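Here the structure is laid out as structure tokens; the discussion comes afterwards.
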Amino acid sequence: MKETSCGSYSVSFYVIVNNLVSLSFLLIFALVFSTPLQCLSIKLQHWELISMCYDGIVRVILWYFVSKNEIPN
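The working numbering puts the first residue of the sequence shown at 25, with every later residue one more than the last.
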């Protein structure tokens with residue numbers, strides 16, 4: 025990089041900025057995945073959550089094993 029070869033910016037500046045960008049991305053990533061789970065755990069009863077997970081897993085497994093010839097057009 026031109027800036028580091030000329031000595032305009034120090035290496036520690038790049039390390040600090042890189043860490044800030046990485047941490048902000050990780051924070052947003054964690055919030056995106058934890059918010060729906062938090063909402064589900066607060067608003068739904070325990071048995072409703074279990075039945076929804078079971079229903080979703082069964083649908084995924086059943087659609088995985090259905091052949092293309094059996095799917096209606």
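By construction, the Cβ of each residue, glycine as well, lies at the ideal position given by its N, Cα and C atoms.
The structure displayed is predicted, hence computed values, not measured ones.
Worksheet item: Rounded to whole angstroms, how far is the Cβ of Leu73 from the Cβ of Leu64, which I believe are closer than 8 Å?
Response: Cβ-Cβ separation between Leu73 and Leu64: approximately 6 Å, consistent with a contact (criterion under 8 Å).
Worksheet item: Where does Ser46 sit, in a helix, a strand or coil, going by DSSP?
Response: helix
Worksheet item: In terms of residues, what are the limits of the alpha helix (DSSP H) holding Tyr33?
Response: Element bounds for Tyr33: n/a, residue is neither H nor E.
Item to complete: Tell me the start and end of each unbroken beta strand (DSSP E) in the segment 49-75 that is at least 3 residues and wholly inside, in chain order.
Response: Qualifying beta strand (DSSP E) stretches: none in this window.
Fill in: Inter-residue Cα distance where the pair is Tyr78 and Ile40
Taking the straight line joining both Cα atoms gives about 45 Å.
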